[in-house]
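Structure, as C-alpha cells:
2 protein chains.
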Amino acid sequence: MTNKTKTSTNSLISEELVPQLADLFSMMGDTSRLRIILSCLHEPISVSHIADQLELSQSLVSHHLRLLKAARMVRAERRGKQVFYVAADQHVQCVIEDMAAHVSEPHGVEDE
Amino acid sequence: MTNKTKTSTNSLISEELVPQLADLFSMMGDTSRLRIILSCLHEPISVSHIADQLELSQSLVSHHLRLLKAARMVRAERRGKQVFYVAADQHVQCVIEDMAAHVSEPHGVEDE
DNA sequence: CAAACATATGAATATGTATTCAAGTGTGTA
DNA sequence: TACACACTTGAATACATATTCATATGTTTG
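Listed in order, the protein sequences are those of chains A and B.
Residues in the first sequence are numbered from 1 upward in steps of one, following the working numbering.
Residues in the second sequence are numbered from 1001 upward in steps of one, following the working numbering.
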C-alpha cells in the first residue's frame, strides 16, 4: 500500500495518457509529417517554403499542418498572405533527439 | 559556407534518418503497442502476462511484439516455455517521458 | 512419445489514412 | 472592385495496418 500514484501495476505513465501519447507519436510516424515538423522546429516557416523545401505539394503540406496544429505540435501565425508555422514547444525536439539516440545505440549482435 | 554537417538547409537530424525515426514513432503510435512497450519498460515480462494485464488476446500481443522486436525496441529472451520481453534500451523510456512532458505543457489560450 | 502449455504465424477482414485533384476562402494590391 | 497569390478544405482513391480466428511451432513433463 505504499504506492499512491500508480494507476495499475506498472509504469509511471498513467493509462489515461496513453491515447494522447499514441496520437502524438503517430503524428511523427509519417515521414512527410516528420519532415514537416523538422522544418519548423527552430523558427517559423511558411507553408509554401516547407512545400518547396521538401518537394511536397502545398495541399499535402497544408493537410498535415492542420493535423499537427490540432495535435498542438505546431502553432500557426499569419503574416500577410503567408502563414508561418513553428513547433509548439521544446519537448518535440527532445523527443526526436532521444529517438535519434536510440537509433544510434549499439545493437547487440543478434542471431537474425 | 560554414556548415559542414547539415544535409540540406535545416535541422540537426539528417534526412537519411527520417524514415527510421518515422518507423519507430509509428511503432509507438498505436495504443495497444504503446501499452505493451510500457509493460516491458522496466523489467522482462512474459507474453501471457502482458496479454492478461492489458486484456488483449495473446495472438495480438505476439503480433505486436514481433513488430517491436523487428524495430529493435524490445528484446526477447526465452525462459523455459515462456518468452520474456524487455525494452531494448533507456532511450525508449526517455522518448515517452519527453512526450508526456509535452502533453502536460501549458497550452496558450487559443481561439479555437 | 504423447499431452499440455506458451508462443508464433498466416490468411481474412475491416478500418484507418496518406495523397491527389479540384474548388474554396482569405489577403494584399493594381 | 477585380485579380493574383497563399493557403485551406472536401471528396475520391489507393494503400497500409490492427485485429481476429484457426493453425502451427516449440518446450516441458508424464
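The beta carbon of each residue, even a glycine, is placed where N, CA and C say it ideally should be.
Everything numeric in this text was worked out from a predicted model, so none of it was measured.
Start and end of the beta strand (DSSP E) containing residue i?
i: Ala87 (chain A); result: Gln82 to Ala87
i: Ala1070 (chain B); result: Unbroken run through Ala1070 (chain B) is the alpha helix (DSSP H), Gln1058 to Ala1070; no beta strand (DSSP E).
Cβ atoms of residue j and residue i: under 8 Å apart, would you say?
i: Leu1021 (chain B); j: Ala22 (chain A); result: no
i: Ser1057 (chain B); j: Val1047 (chain B); result: no
i: Ile36 (chain A); j: His64 (chain A); result: yes
i: Leu60 (chain A); j: Met27 (chain A); result: no
i: Leu86 (chain A); j: Val74 (chain A); result: Strictly speaking, residue 86 (chain A) in this sequence is Val, with Leu absent from that position. Contact: yes.
i: His107 (chain A); j: Arg1072 (chain B); result: yes
What residue range does the alpha helix (DSSP H) around residue i cover?
i: Glu97 (chain A); result: Gln90 to Val103
i: Val1074 (chain B); result: That residue, Val1074 (chain B), is in no alpha helix (DSSP H); its beta strand (DSSP E) goes Val1074 to Arg1079.
i: Asp52 (chain A); result: Val47 to Leu54
i: Leu34 (chain A); result: Thr31 to Ser39
Helix, strand or coil, according to DSSP, for residue i in the structure here?
i: Glu16 (chain A); result: helix
i: Gly108 (chain A); result: coil
i: Met28 (chain A); result: coil
Which residues in chain A sit within 9 Å of residue i, going by Cβ to Cβ distance?
i: Leu1056 (chain B); result: What Leu1056 (chain B) touches in chain A: nothing, since even the nearest Cβ is about 13 Å away.
i: Val1083 (chain B); result: Those do not exist, as Val1083 (chain B) stays about 14 Å from chain A at its closest Cβ, beyond 9 Å.
Residue i touches chain B at which residues, Cβ-Cβ below 7 Å?
i: Asp89 (chain A); result: His1102 and Glu1105
Kindly list, in the order they appear in chain A, the residues whose Cβ is closer than 8 Å to that of residue i.
i: Leu1060 (chain B); result: The contacting residues do not exist; Leu1060 (chain B) stays about 15 Å from chain A at best.
I want to verify the contact list: residues of chain B whose CB lies under 8 Å from the CB of residue i, in sequence order.
i: Leu65 (chain A); result: Result: empty, since nearest Cβ-Cβ is about 15 Å, beyond 8 Å.
i: Asp30 (chain A); result: Ala1022 and Ser1026
Using a C-beta to C-beta distance shorter than 9 Å, which residues of chain B count as neighbours of residue i?
i: Val92 (chain A); result: Asp1098, Met1099 and His1102
Can you pull out the residues from the stretch 1067-1081 of chain B whose beta carbon lies closer than 9 Å to at least one beta carbon of chain A?
Residues of the stretch 1067-1081 of chain B with a C-beta atom less than 9 Å from some C-beta of chain A are Arg1072, Met1073 and Arg1075, listed in chain order.
Interfacial residues, the stretch 10-28 of chain A to chain B, with Cβ spacing under 7 Å:
Asn10, Ser11, Ile13, Leu17, Val18, Pro19, Gln20, Leu21, Ala22, Leu24, Phe25, Ser26 and Met28
What residues from the stretch 1094-1105 of chain B come within 7 Å of chain A, judged by C-beta to C-beta, listed N to C?
Cys1094, Val1095, Ile1096, Asp1098, Met1099, Ala1100, Ala1101, His1102, Val1103 and Glu1105
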